[in-house]
Amino acid sequence: MIERKLLERAANRQHVEARRAEERGGRHRLLHDVHAMKASMAQARKKEYRKEQETASSQREEELRRKATRARIIQKQHKRLLYFLG
Numbered sequence: 001m002i003e004r005k006l007l008e009r010a011a012n013r014q015h016v017e018a019r020r021a022e023e024r025g026g027r028h029r030l031l032h033d034v035h036a037m038k039a040s041m042a043q044a045r046k047k048e049y050r051k052e053q054e055t056a057s058s059q060r061e062e063e064l065r066r067k068a069t070r071a072r073i074i075q076k077q078h079k080r081l082l083y084f085l086g
C-alpha cells in the first residue's frame with residue numbers, strides 16, 4: 001500500500017513536471033511569435049517609411065523640373081520682349 005502511494009506520487013510528480021515543461025515551451029513559443037510579429041511590423045514600418053521618402057523625393061524632383069521649365073519659358077519670353085522693344 002505504501003509502495004503504491006509512493007509510485008502514484010512519483011507518477012504524479014512526473015506528470016506535473018512534464019506539464020510545467022510543456023507550459024514553459026508554450027510560453028517560449030508565444031514569446032518567439034510575439035518577437036517575430038514585432039520584427040515583421042517594424043520591417044513593414046521601415047518599408048512604408050522608405051516608400052514615403054521616395055514618393056516625397058520624386059515629388060520634389062518633379063516640382064524642380066516644373067520650376068526650371070517655367071523659368072526657361074519666362075527667359076525666352078523676356079528675350080523676345082527685349083528684342084521687340086529693342
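The sequence shown: position 41 = 41 (the UniProt record's numbering), numbered continuously. By construction, the Cβ of each residue, glycine as well, lies at the ideal position given by its N, Cα and C atoms. Remember, predicted model here, so these are calculated numbers, not experimental data.
Collapsed DSSP secondary structure at residue i in the structure displayed
| i | result |
| --- | --- |
| M1 | coil |
| G86 | coil |
Alpha carbon of residue i to alpha carbon of residue j, nearest angstrom
| i | j | result |
| --- | --- | --- |
| G25 | M41 | 24 angstroms |
| Q66 | I74 | Per the sequence shown, residue 66 should be read as Arg rather than Gln. So the alpha carbons of these two residues sit roughly 12 angstroms apart. |
| T69 | H78 | 14 angstroms |
| K47 | R60 | 20 angstroms |
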